[in-house]
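A short worksheet on the structure shown next.
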Amino acid sequence: MSYIKKNHTSSKVISTVDSYFQYAKEVVVSNSWEPLLHFARNTVLSLMSRIDVGHLRVLSKDCIYEFGPKDSKLKSEIKIINDSFWVRLLILGDLGYAEAYMLGDVTCDDLVTLIKIFVANRSHLDELTTVPSYVFSSINYVMNLRFANTISNAINNISAHYDISNEMFAAFLSSDMTYSSAVFENEEESLEEAQYRKLRMMIKKARITKDDHVLEIGTGWGSLAIEAVRLTGCRVTSLTLSIEQKNLAEKRIEDAGFSDRITVLLCDYRNLPASHQFDKIISIEMIEAVGYEYLQTYFECCDKFLNEKNGVGVFQVITMPETRYDRYCKEVDFIRKYIFPGCHVPSVTTLVEAINKGSKGNLIVDDIENIGPHYARTLRLWRERFLSVFDEHIHPALLKSWPNMTRNDVEIFKKKWEFYFAYCEGGFVSRILGNVQIVVTREGNKAFLDGIPL
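Residue numbers for the sequence shown follow this note's numbering, beginning at 437 and rising by one.
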């Protein structure tokens, strides 16, 4: 069943402006005018000379530069293949480095360590702000507004990432097909075991029983719904905007023998009829796709759908530190431009305020737990698996779904995803990203007294 209302109208004006902007950017970047290259290289090297945490070695065509203490445990080396790297970094900052890596203009021996060094020295490197970088950053931000998560845009934003290829995701995820942070008990535990631990944590926190009807917002490939029914015998209605995910999730649900307990709807949460009522709501790393403008709307809907007396909601959400949040809201980073269009990572304060305002105080925050440190290892295992099976499994899967991809397209795609995993791993291991499990319930829900000696 589908509750999606399709809207094929697009903003041709914005798309045209964006095309001209991208063209202008590449003209500037690829310009071999020696004074521009000289200025860009000197400006970037001057800032790199301020690195005092970690050791960075930069190999250019005619010189080797070294920055930071040589005895540091953090060591990384980059090799400049194309001098356009300097211009790209000058006008786009860290987004420029990501683009240069994707296009093969620079290589790196250890991306995660490089990210750690950049993070540790960000107070110095953030000064890489010139008139050109400000102009390009501002235009990037305006262009990114077209991905705002209206109902019609949300479908396209989700499809852009999750409808790439089920076979590709299956190649690097664990067999449970869970695409969110795991929770590890020890160093020896497998990713699959850690993913099931996370699913059980969510189910336990939601206090799901066999009599419950659970709403899941964001199906993924069905792992949470299947595990919830397997453990408790409950009923689940799960919402997704990805046709590819819906098709595979329904097959996995059928194979598990739970088709009579789990219903997957191709439906935006805003389109679900108000007549639907649920005892519990669970959402795992879907709120990031809601967008800042719709956070309160999201929790208004949760309030509307949730049992008025004993309802419980559990949400797992990637979060941004309060110290970086204002700047994050005004910029377009690598993730929002190349991985998750329309994405917005809220701060914990923003999240709690949206819960309160969206529900008009009807949803009470009962517990918040940060599992963010576990994401670094999750991402590392995904990245290692992605690279190890790329030629054998992922490359063929891409060509099956996108037969017109050239060899260069495939290589750019590979580097983009490698950078995505490393970029996020570096963020979590440096503690500049969080991941919280937040529990909400109704005032006076005495079920939360169970097990507590009074």
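Think of the CB as a built atom: it goes at the ideal place given N, C-alpha and C, for glycine as much as any other residue.
None of these values were measured; they are calculated from a predicted model.
- Residue pairing by DSSP puts Q873 in a beta bridge opposite Q752, E805.
- Counting along the chain, the unbroken alpha helix (DSSP H) around I679 starts and ends at 679-692.
- In this chain, the beta strand (DSSP E) harbouring T699 covers 698-702.
- Under the three-state reduction of DSSP, R878 is assigned to coil, being neither helix nor strand.
- Taking the Cα positions, A858 is about 14 Å away from E535.
- Between the alpha carbons of V788 and I874 lies a distance of about 9 Å.
- The shortest C-alpha to C-alpha distance from E729 to any of D545, R558, C765, M841 is the one to C765.
- Around the C-beta of Q713, fewer than 16 other C-beta atoms lie within 10 Å, and the residue is accordingly described as exposed.
- Runs of the alpha helix (DSSP H) spanning 4 or more residues and lying entirely within the stretch 459-520 occur at 470-484, in chain order.
- The straight-line gap separating the alpha-carbon atoms of S866 and L702 is approximately 37 Å.
- By the neighbour-count definition (other C-beta atoms within 10 Å, threshold 16), K682 is a buried residue.
- Annotated as proximal: I807 and S617, with beta-carbon spacing under 8 Å.
- Distance from the CA atom of K851 to the CA atom of M538, rounded to whole angstroms, is 5 Å.
- As computed with DSSP, S719 is found in a beta bridge with F751.
- In terms of Cβ geometry, I644 and A630 do not form a close pair [threshold 8 Å].
- Under a 10 Å Cβ-count criterion, E828 is classified as exposed, with fewer than 16 other Cβ atoms of the shown protein chains found around its own Cβ.
- DSSP, reduced to helix, strand and coil, places F620 outside both helices and strands of the structure shown, so it counts as coil.
- Residue pairing by DSSP places V542 opposite I516 in a beta bridge.
- The stretch 763-782 makes no contact with the stretch 732-751, as fewer than three CB pairs between them are under 8 Å.
- Straight through space, the alpha carbons of S711 and A812 are spaced by roughly 41 Å.
- Shown here, V846 sits in a helix according to DSSP, grouped into three states.
- Taking a cut-off of 8 Å for Cβ pairs, the stretch 673-687 and the stretch 744-753 do not touch, as fewer than three such pairs fall below it.
- Minimum Cα-Cα distance from D647 among the listed residues G747, E623, S559 corresponds to G747.
- Taking 8 Å as the cut-off, the Cβ atoms of L525 and V494 do not count as close.
- Under the three-state reduction of DSSP, T645 is assigned to coil, being neither helix nor strand.
- A residue is called buried when at least 16 other Cβ atoms come within 10 angstroms of its Cβ; R486 does not meet this threshold and is exposed.
- Take the alpha-carbon of V781 and the one of V768: they are about 12 Å apart.
- Looking at the DSSP output, F714 bridges to L742.
- Nearest to L834 by alpha-carbon distance, out of I600, D562, E502, D530, is I600.
- Counting along the chain, the unbroken beta strand (DSSP E) around R671 starts and ends at 671-676.
- For E470, the number of other beta carbons within 10 angstroms of its own is below 16, and it is reported as exposed.
- Counting the other Cβ atoms within 10 Å of the Cβ of I791 gives 16 or more, which makes it buried.
- Excluding sequence positions up to five before and after L531, its CB lies within less than 6 Å of the CB of F770, all in the same chain and listed in chain order.
- For C779, the closest alpha carbon among the candidates E724, T786, G794 is that of E724.
- The beta carbon of D519 is closer than 7 Å to those of L473 in its chain, skipping five residues each way along the sequence.
- At least 8 Å separates the beta-carbon of V825 from that of F605.
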